[in-house]
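Trainee:
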Amino acid sequence: MRLRISNCRIVDPASGRDAPGAVLIENGRIAALDAEAADARADETLNGGGRVLAPGLIDLSARLREPGYEYKATLESEMDAAVAGGVTSLACPPDTDPPLDEPGLVDMLRRRAKALERARLYPVGALTVKLQGESLTEMAELAEAGCVAFSQANVAIRDLQVLWRALQYAATFGFPVWLRAEDPWLARGGVAHDGAIATRLGLAGIPSSAETIALASLLQLTRETGARLHLCRISTAGAVAQVRAAKAEGLAITCDVSANQIHLSDANIGYFDSQCRLEPPLRAGSDRDALSLALAEGVIDCLCSDHTPVDADGKQMPFAESEPGATGLELLLPLALRWGRERGLDLARTLARITSEPAKILGVESGRIAPGAPADLVLFDPDEQVVISAERLKSQGKNTPFLGEELAGRVHATLVAGRIVYRT
Amino acid sequence: MQANPQLNRNGELQHLLSLDGLPREIVLQILDTAESFASVTEREVKKVPLLRGKSVFNLFFEPSTRTRTTFEIAAKRLSADVINLNVSTSSQSKGESLLDTVANLSAMQADLFVVRHASSGAPFLIARHVKPHEHVVNAGDGRHAHPTQGLLDLFTIRHYKKDFSGLTVAIVGDILHSRVARSLIHGLRTLGVPEIRVIGPQTLQPPGVETLGVRVFSDMRAGLAQADVIVMLRLQNERMGGALLPSAQEFNKYYGLTAEKLALARPDAIVMHPGPMNRGVEIDSSVADGAQSVILPQVTFGIAVRMAVMSIIAGN
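Chains S and G, in that order, give the protein sequences. The first sequence maps to residues 1 to 424 in this note's numbering. The second sequence maps to residues 1001 to 1316 in this note's numbering.
(1) By the 9 Å beta-carbon criterion, what residues does the segment 1055 to 1067 of chain G contribute toward chain S?
(2) When you compare only the Cα positions, how much space is there between A1259(G) and I1295(G)?
(3) Measure from the C-beta of S1106(G) to each C-beta in chain S and report whether the shortest distance is under 8 Å.
(4) What residues from chain G crowd round D18(S), counting only those whose CB sits closer than 7 Å?
(5) Can you look up N1058(G) in the DSSP assignment and give me helix, strand or coil?
(6) Beta strand (DSSP E) containing P184(S): first to last residue?
(7) List the endpoints of the continuous alpha helix (DSSP H) containing I1086(G).
(8) Provide the residue span of the alpha helix (DSSP H) that contains V1048(G), from first to last.
(9) Give the interface partners of V1209(G) over in chain S, defined as CB-CB distance under 9 Å, in chain order.
(10) Check the Cβ-Cβ distances between R1239(G) and every residue of chain S, and say whether any is below 8 Å.
(11) Helix or strand or just coil, what does DSSP make of M108(S)?
(12) Given 8 Å as the limit, is there contact between the segment 1207 to 1214 of chain G and the segment 1261 to 1275 of chain G, that is, 3 or more CB pairs closer than that?
(13) Determine, using beta-carbon pairs with one atom in the segment 16 to 29 of chain S and one in the segment 57 to 71 of chain S, whether at least three such pairs fall under 8 Å.
(14) Taking the DSSP output, what are the residues bridged to G125(S)?
(15) Helix or strand or just coil, what does DSSP make of M139(S)?
(16) Which runs of the alpha helix (DSSP H), 4 residues or longer, sit entirely within the segment 324 to 398 of chain S?
(17) Below 9 Å on C-beta distance, what does L203(S) contact in chain G?
(18) For a contact meaning CB atoms closer than 7 Å, what does V1133(G) contact in chain S?
(19) On the DSSP bridge list, what partners appear for M1272(G)?
(20) Buried or exposed for D1162(G), going by 16 or more other Cβ atoms inside 10 Å?
(21) List the DSSP bridge partners of Y422(S).
(22) What is the C-beta distance between R1239(G) and N1278(G), in whole angstroms, given that I count them as a contact (C-beta under 8 Å)?
(23) Am I right that G1200(G) and I1175(G) are in contact with their C-beta atoms under 8 Å? What's the rounded C-beta distance?
(24) Compare the C-alpha of G226(S) against each of L203(S), Y271(S), G174(S) and name the closest.
(25) Can you give me the C-alpha to C-alpha distance between I1283(G) and L1257(G), rounded to a whole angstrom?
(26) Under 8 Å Cβ-Cβ, which residues of chain S neighbour S1097(G)?
(27) From G1011(G) to V162(S), what does the alpha carbon distance come to, in whole angstroms?
(28) Decide yes or no for the touch test of the segment 410 to 422 of chain S against the segment 73 to 93 of chain S: beta carbon pairs closer than 8 Å, at least 3 of them.
(29) Given Q1321(G), which residues of its chain have a CB within under 7 Å of its CB, disregarding the five upstream and five downstream residues?
(30) Could you check where the beta strand (DSSP E) with T254(S) kicks off and where it finishes?
(31) Give me the Cβ distance between G270(S) and D306(S), rounded to the nearest whole Å; I'm assuming they're in contact under 8 Å.
(32) Output, in chain order, the set of chain S residues within a Cβ distance shorter than 7 Å of F1124(G).
(33) If we count the other Cβ atoms within 10 Å of its Cβ and call it buried at 16 or more, is W178(S) buried or exposed?
(34) I think V1309(G) touches T1070(G), with their Cβ atoms under 8 Å apart; what is that distance to the nearest whole Å?
(35) Please confirm whether A1075(G) and I1303(G) have their CB atoms less than 8 Å apart.
(36) Mind checking if H1117(G) is an interface residue toward chain S, Cβ cutoff 8 Å exclusive?
Printed below as a string of structure tokens:
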């Protein structure tokens, strides 16, 4: 079966290409481009209508809530949300119930995801058993079952000796370790950025030093162990400076930020809006600006949705008691586009942060449009406005600080391995 | 971003949730109305019929005796029916959600909810979910606000000092955890007090507190110099002897109000405390019971102020 997508504007961040053209797909891969694709015989043709055809989005953090939290979301609902958002590959953190610390769980999750035939799923295994920060998981076994990296999700390892050993062990096999930097003692009890807004609202604060101090430890242990560190969801200007310095020094680390964090600050909490209860917390406006700039400069490598579906009951609570998290899979593209416009970046450079760059971190061949690459593609209109509403969101999580907002960027079709998995 | 739900479309008080951003005219309206009720509380028959037929639900998710009692007295003097619920000991412990509790009480035809909750912002959540004719009065939420306490403090200051424009007000103690301090600071700013000082060790000062419009002092003697009003805050027992403070004794030595420290303020300075007091910790008995103390009048004024708030809100 040969599928042609014609009449589209092909944007390939990996090569910097942004030009009209056509794509021919065969056996799940891109077979030819442009004139060759246009001239070839095809069984079916999809008219792109002049819209943008880009590599499918790659999201390094999307919680699917299975196993254990099916009342919040299911694999099916969230995979629907992924492809509706143009996301063709996603990595899921291990904080399920039970956590992804056994090969059997990982295997089951992958099979279930595969059977759904939507986006590609890359499980991130637990670095320590039950994420308790005490004993190491069977990383090699988990990797064989399909884990692409190891992480603690939002659970910090309190004992630095365990962290040190975990990094050593992962480095032995060359496994990537994806960690968030947050000192659990400094962050203890906090629910918002420790600043003027938390003071005015009487909310317990999480100081920026909770992130920068933990990050300093993490960077030092990475230097000593040679671990392949990927930093998840940094939130402060201080952490940006540390990552910038570490990269300048030659440390081979990578880093991501959540789409919420580059657009919002603690001021958005307003009068206790629990939609803005997130982990890490929304920081000051100056932190947001530093993160946005660092993402443009490449100090931060990629943007992720940090998709965390929470049910209505979890949000209809006083701010401190409400459950942290926001739905994000369907907002990743519009929020990336908004960021790119704000920073004056062209489409290829904007999309690199959600396609080719995360592809490098995941070590996959998708994230580019070239002959031989997997035909994971998204067709979208970058200017068409979409109102973010509970009715429109396919995700079971209807919670996001952007609810009710109109954002530009509408997905019209999503293809995974050459198959149309979403179409308007 | 969500708007503050305490004002209705006409800019009138629909709920009283915070003094932060409450317009000056409304603050003055409440204080003036309280003035007229102060005489009611001195009459033989202490009742007016303003809330006859209305139901006031005292919804206390956190234990309190004094505040709940003064709200109850205020509502009864307005001729309302008062229902007291100590939710901390009933449905919440059975796992019922905050909004379910409120919805159930709402079905019992409530007109006004007086809410105290340990979590900052809880009354905002309730205010967003009650029916249009129902009103919410915040009786203290976490560290955030205690607007009727702030108003009664303003009433007390006005009673003794007449004018706010030349005053220096010093607030002493645990600012970090104090909803009383936050509400009072906003109220004093609204009424144009030029010098508001907060005094305490760094562990009890919230970050960026100066953005609220106050001067920060760690030396109590310097902070009390020439003050017209001194507001001592209650130090919760659980804050003593942990990572915030070494001991009640050391706190008393450096931040407790003694007669000797009081002498640094202006001779006609008044001493206030929201109660309940820890004698010998934040305040010495000689000061608490002394000539400059207005701590008991504060309690009396609190009833008139709460009557004013409830009558104004129910009339809007």
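We treat Cβ as the ideally placed atom computed from N, Cα and C, and that holds for glycine. These numbers were taken from a predicted model, which means no experiment stands behind them.
Mentor: The short version:
(1) none
(2) 16 Å
(3) no
(4) Here the premise fails: no neighbours, minimum Cβ distance about 35 Å.
(5) strand
(6) Taken as a continuous stretch (DSSP letters only), P184(S) belongs to no beta strand (DSSP E), being part of the alpha helix (DSSP H) at 184 to 187.
(7) Before going on, a small fix: residue 1086(G) reads as Asn here, not Ile. Not the alpha helix (DSSP H): N1086(G) falls in the beta strand (DSSP E), residues 1081 to 1086.
(8) Element bounds for V1048(G): n/a, residue is neither H nor E.
(9) A196, T199
(10) no
(11) helix
(12) no
(13) no
(14) F150(S)
(15) helix
(16) 332 to 343, 347 to 352, 356 to 362
(17) S1120, G1121, G1142, R1143, H1144
(18) Just to set this straight, residue 1133(G) is His in the shown sequence, not Val. Per Cβ cutoff of 7 Å: no residues; H1133(G) is ~22 Å from chain S at best.
(19) V1231(G)
(20) It should be pointed out that residue 1162(G) corresponds to Lys in this sequence rather than to Asp. By the 10 Å Cβ count, K1162(G) comes out exposed.
(21) T414(S)
(22) About 11 Å; that fails the 8 Å criterion.
(23) 5 Å
(24) G174(S)
(25) 5 Å
(26) D313, Q316, M317
(27) 58 Å
(28) yes
(29) Residue 1321(G) cannot be examined here, being either before or after the span of chain G that is shown, 1001 to 1316.
(30) 254 to 258
(31) That belief does not hold up - the Cβ atoms of G270(S) and D306(S) are roughly 21 Å apart, past 8 Å.
(32) Y271, F272
(33) buried
(34) Not quite, the Cβ-Cβ distance comes to about 11 Å (not below 8 Å), so this is no contact.
(35) no
(36) yes
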